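J.: Protein chains in written order, with numbering that gives the first Met the number 0: chain C, 0 to 377; chain Y, 0 to 260. All residues carry an ideal CB built from backbone N, CA and C; glycine is no exception. Bear in mind that the values here come from a model prediction, so they are computed numbers and not experimental data. I have a structure I would like to understand better, so I am pasting it below and will then ask my questions one at a time.
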Amino acid sequence: MTAVAEQTGLWLTEFTQQPKAAPWIQKLREDAFERFAQVGFPTTHDEEWRFTNVAPIARSKFALQAAAECNVTEEAEPYLARYADIKANAFVALNTAFLQDVQFVRVPRGKVIEQPIELIFRGHSGQVHHPRTLIVVGANAQCTVIETYEGDGAYFTNAVTEFVVGDGAVVDHYKIQRESLEAFHVATLQAAVGRSANFSSHSISLGGALVRNDADAILSEGTEATLNGLYIVNGTQHIDNHTILDHAKPHGASHEMYKGILDGRATAVFNGRIIVRKDAQKTDSKQTNKNLVLSDNAVIDTKPELQIHADDVRCTHGATIGQIDSEALFYLRSRGIPKSEARSLLTYAFAQDIIDRIKVQPLRESLERMLFEKLNAK
Amino acid sequence: MALLEIKNLHAQVGDRKILKGIDLTVASGEVHAIMGPNGSGKSTLAQVLAGRELYAVTEGSVTYDGKDLLDLDPEERAQAGIFLAFQYPVEIPGVSNMYFLKAALNAVRKGAGQPELDAMDFLDLVRGKMIAMKMDQTLLNRPVNTGFSGGEKKRNEIFQMAVLEPRLAILDETDSGLDIDALKLVAAGVNDMRGPQRAMIVVTHYQRLLSEIVPDFVHVLSEGRIVKSGGKELALELEAGGYAALGIQDAIQDEAEAVRV
Numbered sequence: 000m001t002a003v004a005e006q007t008g009l010w011l012t013e014f015t016q017q018p019k020a021a022p023w024i025q026k027l028r029e030d031a032f033e034r035f036a037q038v039g040f041p042t043t044h045d046e047e048w049r050f051t052n053v054a055p056i057a058r059s060k061f062a063l064q065a066a067a068e069c070n071v072t073e074e075a076e077p078y079l080a081r082y083a084d085i086k087a088n089a090f091v092a093l094n095t096a097f098l099q100d101v102q103f104v105r106v107p108r109g110k111v112i113e114q115p116i117e118l119i120f121r122g123h124s125g126q127v128h129h130p131r132t133l134i135v136v137g138a139n140a141q142c143t144v145i146e147t148y149e150g151d152g153a154y155f156t157n158a159v160t161e162f163v164v165g166d167g168a169v170v171d172h173y174k175i176q177r178e179s180l181e182a183f184h185v186a187t188l189q190a191a192v193g194r195s196a197n198f199s200s201h202s203i204s205l206g207g208a209l210v211r212n213d214a215d216a217i218l219s220e221g222t223e224a225t226l227n228g229l230y231i232v233n234g235t236q237h238i239d240n241h242t243i244l245d246h247a248k249p250h251g252a253s254h255e256m257y258k259g260i261l262d263g264r265a266t267a268v269f270n271g272r273i274i275v276r277k278d279a280q281k282t283d284s285k286q287t288n289k290n291l292v293l294s295d296n297a298v299i300d301t302k303p304e305l306q307i308h309a310d311d312v313r314c315t316h317g318a319t320i321g322q323i324d325s326e327a328l329f330y331l332r333s334r335g336i337p338k339s340e341a342r343s344l345l346t347y348a349f350a351q352d353i354i355d356r357i358k359v360q361p362l363r364e365s366l367e368r369m370l371f372e373k374l375n376a377k
Numbered sequence: 000m001a002l003l004e005i006k007n008l009h010a011q012v013g014d015r016k017i018l019k020g021i022d023l024t025v026a027s028g029e030v031h032a033i034m035g036p037n038g039s040g041k042s043t044l045a046q047v048l049a050g051r052e053l054y055a056v057t058e059g060s061v062t063y064d065g066k067d068l069l070d071l072d073p074e075e076r077a078q079a080g081i082f083l084a085f086q087y088p089v090e091i092p093g094v095s096n097m098y099f100l101k102a103a104l105n106a107v108r109k110g111a112g113q114p115e116l117d118a119m120d121f122l123d124l125v126r127g128k129m130i131a132m133k134m135d136q137t138l139l140n141r142p143v144n145t146g147f148s149g150g151e152k153k154r155n156e157i158f159q160m161a162v163l164e165p166r167l168a169i170l171d172e173t174d175s176g177l178d179i180d181a182l183k184l185v186a187a188g189v190n191d192m193r194g195p196q197r198a199m200i201v202v203t204h205y206q207r208l209l210s211e212i213v214p215d216f217v218h219v220l221s222e223g224r225i226v227k228s229g230g231k232e233l234a235l236e237l238e239a240g241g242y243a244a245l246g247i248q249d250a251i252q253d254e255a256e257a258v259r260v
């Protein structure tokens, strides 16, 4: 038996035990499972997964939470699984094969929702979860969405979130990943953003043993897209952030700022791809990845990937890897602040500008507390 | 008893010897000026006293308030009442001046066995000192030194000194980069703090700061040694004749560069 067949065999039983759903859901699931059965989990020979070895996930046996009826209405049919591509990512295929509990939010055209829409996903030891979220925002509507992932013990979260953002809409998205330190977390965000719309997504990753985030946005004409991220890892944590900003049409602007703090033997990957299609003239794109490395044993691989097919564009990128600034440390100590406190203060300050970009005040405050705890828990 | 007693102090960066046997005694209430050309070791002396780990002390001793100063970490020195006003104050984005100053003041108060100040008492204290230094109150909410002009940075140093009330203040080229008005303001801030319970070491290349902050003693440093000491009139002699009149040349390498080794 091939390795792929061995892996998929485990999932096949659970797949077939799912209660039947509406034919259109059934079709999505079957196509997705077929795809997954063909390709299996990616390996480090796959360029997209070069620095992230998912063998520990492939090897583990997790139970499906509880086979449940699929709750999604037909209203979702034109959108669900039309954006997150099962061919691009085996984990998306696996999630789609287990479509059951779909969080479907539809914001009508022109509607402004002031209160953030909060989605909380909780992992349980020994289980696998395939959370699926679909947010469809009508033209000129506005909303804020906060996804939080947390849990206890060793489990596997395989999340997919699709955003369909109408023309002129404004969407502010936050993903807070504070999984247990034994958990596996793979999450794919796929956003299709309409003309003159503004989409910003902030990914904060604190937990998880093995974490992979894919955040992809396809921009239209005059779209403004922002992808910000903060990852803080220590011990033996591994985090991989892959992002794609795909400028399909002219006059789009994208901003990307990812910051990482690494300690212990932690490893991190940042791969930021910016695509500017032939038609996408006057694109303005800026990508930055900054890393603060606190120990000699932590490793970061950072890679910008610019694919530019238009000639009248402005794209900049930059990556830095640094340590605590010894002059700043001495300055603080020379004023009486103890060394450990001074180090924490400078580390916290490094993360601060990502936190400052969070517009939801209670979330910003709770993140400040979480950060403080994480940075002082040594 | 002297507050500070430096004996035969030798220090180096890597293999490069910078201080080659400094002897200096400073008592409370005294203001000592250390003058000298670029590369003579003035800033190194200031940084060694504050505990910069970049410099290795290879010989000699420093006694502060009866304790072996070289045994103390930089933060312990600050808590014991030593303050260095930096030649190049460091920008720290992401840390507000207010948070920084409150953490510093409470650390120093703790070191002196005083209770920590709460937010209200702290604000009352710093507002008064800011007005005295003609500092914009919004500076409190800005990140430490970030985006400050050269003059604002130097004023911020003296403002910190006023808040922390050290027993030994070391001013490292506090006059550099200041125009004459800013210089007078900074000097007035320093003069306000002179008193019998406080000693100061004023490191400078030029005499002009010393007409504002008049020292009790002047020492001339050359090639890592004090080559001449005297009263305030020594500074005027140097002003008239230059270091060359004492047979002193600028060292080849600029001291500012040496600090960045």
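(1) Quick check on R363(C): does DSSP put it in helix, strand or coil?
(2) What is the DSSP secondary structure of F95(C), reduced to helix, strand or coil?
(3) Put D174(Y) into one of helix, strand or coil per three-state DSSP.
(4) How close, in whole Å, do the beta carbons of T86(Y) and D171(Y) come, if the pair is a contact with beta carbons under 8 angstroms?
(5) Out of T203(Y), L233(Y) and S210(Y), which has the shortest C-alpha to C-alpha gap to N190(Y)?
(6) Do D239(C) and V268(C) have their beta-carbon atoms positioned less than 8 angstroms apart in this structure?
(7) Enumerate in chain order the residues of its own chain whose CB-to-CB distance from A1(Y) is below 6 angstroms, with the five nearest sequence positions on each side excluded.
(8) Roughly how many whole angstroms lie between the Cα atoms of P41(C) and Y347(C)?
(9) Just confirm the distance between the C-beta atoms of S39(Y) and L233(Y), as a whole number of angstroms; I'd bet it's less than 8 angstroms.
(10) Unbroken alpha helix (DSSP H) runs of length 4 or more, entirely within the stretch 130-213 of chain Y: which are they?
(11) Secondary structure at S252(C), three-state DSSP: helix, strand or coil?
(12) Quick one: what's got a C-beta closer than 8 angstroms to Q322(C)'s C-beta in the same chain, skipping five residues either side?
(13) Among residues of its own chain, excluding the 5 on either side of H254(C), which ones have a beta-carbon nearer than 7 angstroms to its beta-carbon?
(14) Alpha carbon to alpha carbon, how far is E372(C) from E254(Y)? Give it in angstroms, no decimals.
(15) Could you have a look at M0(Y) and say whether DSSP puts it in helix, strand or coil?
(16) CA-CA distance, E74(Y) and P36(Y)?
(17) Could you list which residues in chain C have their beta carbon closer than 8 angstroms to that of L83(Y), in chain order?
(18) Using 8 angstroms as the Cβ pair cut-off and three pairs as the minimum, do the stretch 179-194 of chain C and the stretch 84-95 of chain C touch?
(19) Which of the three DSSP states, helix, strand or coil, is assigned to K19(C)?
(20) If contact means a Cβ-Cβ distance below 9 angstroms, which residues of the stretch 337-357 of chain C contact chain Y?
(21) According to the neighbour-count rule (16 or more other Cβ atoms, all chains shown, within 10 Å of its Cβ), is N155(Y) buried or exposed?
(22) My guess is that L380(C) and H316(C) are in contact by the Cβ rule of under 8 angstroms, so how many angstroms apart are they, rounded?
(23) If we define contact as Cβ-Cβ less than 8 angstroms, is V56(Y) a contact residue for chain D?
(24) Hey, quick one: how far does the alpha helix (DSSP H) through G262(Y) stretch, first residue to last?
(25) So, is the C-beta of D64(Y) closer than 8 angstroms to a C-beta in chain C?
(26) What residues in its chain sit with their C-beta under 8 angstroms from that of R49(C), if we drop five residues either side in the sequence?
(27) Using three-state DSSP, classify N96(Y) as helix, strand or coil.
(28) For Y242(Y) and L167(Y), what's the separation of their Cα atoms in angstroms?
(29) Report the partner residues of D245(C) according to the DSSP bridge assignment.
(30) Are the Cβ atoms of I299(C) and L261(C) separated by less than 8 angstroms?
(31) For A106(Y), which residues in chain C fall below 9 angstroms Cβ to Cβ?
(32) Once DSSP output is grouped into helix, strand and coil, what is the label at L74(Y)?
(33) Consider the Cβ of E326(C): report whether some Cβ of chain Y lies at a distance smaller than 8 angstroms.
(34) List, in chain order, every chain Y residue whose beta-carbon is nearer than 9 angstroms to that of F329(C).
(35) Which residue wins for smallest C-alpha separation from L180(C), given the options S200(C), H123(C), G228(C) and A196(C)?
(36) Assuming L245(Y) and K227(Y) form a contact by the criterion Cβ under 8 angstroms, report the distance between their Cβ atoms to the nearest whole angstrom.
T.: Based on what the coordinates show:
(1) The residue labelled residue 363(C) in the question sits at position 364 within the first sequence. In the structure shown, R363(C) sits in a helix (DSSP, three-state: H, G or I).
(2) What you label residue 95(C) is simply residue 96 of the first sequence in a count that begins at 1. It should be noted that the sequence gives Thr, not Phe, for residue 95(C). Of the three classes helix, strand and coil, the one that applies to T95(C) here is helix, per DSSP.
(3) Taking the second sequence and counting its residues from 1, the one referred to as residue 174(Y) is at position 175. Of the three classes helix, strand and coil, the one that applies to D174(Y) here is coil, per DSSP.
(4) Residue numbering aside, residue 86(Y) sits at position 87 when the second sequence is read from its first letter. Residue numbering aside, residue 171(Y) sits at position 172 when the second sequence is read from its first letter. Checking the sequence, you will find Gln at residue 86(Y) rather than Thr. Contact flag correct, Cβ pair sits at about 4 angstroms.
(5) Here residue 190(Y) corresponds to residue number 191 of the second sequence, with the count starting at 1. Among T203(Y), L233(Y) and S210(Y), the Cα nearest to that of N190(Y) belongs to S210(Y).
(6) As a working note, residue 268(C) is residue 269 in the first sequence. As a working note, residue 239(C) is residue 240 in the first sequence. Their beta carbons are under 8 angstroms apart, which means V268(C) touches D239(C) by this criterion.
(7) Here residue 1(Y) is taken as the residue at index 2 of the second sequence, counted from 1. The residues are T24 and A26.
(8) For this step, residue 41(C) is matched to residue 42 along the first sequence. For this step, residue 347(C) is matched to residue 348 along the first sequence. Cα to Cα, P41(C) sits roughly 35 angstroms from Y347(C).
(9) As a first step, residue 39(Y) must be located in the second sequence, where it is residue number 40. As a first step, residue 233(Y) must be located in the second sequence, where it is residue number 234. With a Cβ gap of about 15 angstroms, S39(Y) and L233(Y) do not count as contacting.
(10) 149-163, 179-191 and 207-211
(11) Numbered from 1 along the first sequence, position 253 holds the residue referred to as residue 252(C). Checking the sequence shown, residue 252(C) turns out to be Ala, not Ser. Strand, per DSSP.
(12) Within the first sequence, numbered from 1, the residue matching residue 322(C) stands at position 323. Result list for Q322(C): L291, V292 and L293, in chain order.
(13) As a first step, residue 254(C) must be located in the first sequence, where it is residue number 255. The answer, listed in chain order, is T225 and K285.
(14) Here the question's residue 254(Y) lines up with position 255 in the second sequence. Here the question's residue 372(C) lines up with position 373 in the first sequence. Reliability of the predicted coordinates at E254(Y) is poor, the pLDDT of 45 falling under 50, and the value obtained from them is presented with this limitation in mind. Cα-Cα distance, rounded: 42 angstroms.
(15) Within the second sequence, numbered from 1, the residue matching residue 0(Y) stands at position 1. Coil at M0(Y), not helix or strand.
(16) What you label residue 74(Y) is simply residue 75 of the second sequence in a count that begins at 1. What you label residue 36(Y) is simply residue 37 of the second sequence in a count that begins at 1. The straight-line gap from Cα to Cα measures roughly 30 angstroms.
(17) What you label residue 83(Y) is simply residue 84 of the second sequence in a count that begins at 1. Within 8 angstroms Cβ-Cβ: S333.
(18) yes
(19) Within the first sequence, residue 19(C) is the residue found at index 20, counting from 1. Looking at K19(C) - three-state DSSP - the assignment turns out to be coil, as it is neither helix nor strand.
(20) P337, K338, E340, A341, L344, L345, Y347, A348, F349, A350, Q351, D352 and D355
(21) Position 156 of the second sequence holds residue 155(Y). That one is buried.
(22) With chain C represented from 0 up to 377, any question about residue 380(C) goes unanswered, as that position is not in the structure.
(23) Considering every chain present, this structure includes no chain D. Its protein chains are C and Y.
(24) Since the first and last residues shown for chain Y are 0 and 260, residue 262(Y) lies out of range.
(25) In the second sequence, the residue the question calls residue 64(Y) occupies position 65. So, not an interface residue.
(26) Working through the first sequence from its first residue, we reach residue 49(C) at position 50. Within the same chain, R49(C) has close Cβ partners T43.
(27) Start at 1 with the first residue of the second sequence, and residue 96(Y) comes out as number 97. In the structure shown, N96(Y) sits in a helix (DSSP, three-state: H, G or I).
(28) On the second sequence, position 243 is the one that residue 242(Y) refers to. On the second sequence, position 168 is the one that residue 167(Y) refers to. Their backbone Cα atoms lie some 27 angstroms apart in a straight line.
(29) The residue given as residue 245(C) occupies position 246 in the first sequence. BP columns for D245(C) point to I217(C) and I274(C).
(30) Residue numbering aside, residue 299(C) sits at position 300 when the first sequence is read from its first letter. Residue numbering aside, residue 261(C) sits at position 262 when the first sequence is read from its first letter. For I299(C) and L261(C), yes; Cβs fall inside 8 angstroms.
(31) Working through the second sequence from its first residue, we reach residue 106(Y) at position 107. Within 9 angstroms Cβ-Cβ: R334, G335, I336, P337 and E340.
(32) Locating residue 74(Y) in the second sequence gives position 75, where the first residue counts as 1. For the sequence presented, residue 74(Y) should be read as Glu rather than Leu. Three-state DSSP puts E74(Y) in a helix.
(33) Here the question's residue 326(C) lines up with position 327 in the first sequence. Output row for E326(C): interface = yes.
(34) Indexing the first sequence from 1 puts residue 329(C) at position 330. By Cβ distance, chain Y contributes Q46, A49, G50, R51, E52, L53, P73 and V89.
(35) Walking along the first sequence from the start, residue 180(C) turns up at place 181. L180(C) has its Cα closest to that of H123(C), out of S200(C), H123(C), G228(C) and A196(C).
(36) Indexing the second sequence from 1 puts residue 245(Y) at position 246. Indexing the second sequence from 1 puts residue 227(Y) at position 228. Between K227(Y) and L245(Y) the Cβ distance is about 6 angstroms, and since that is below 8 angstroms, they are a contact.
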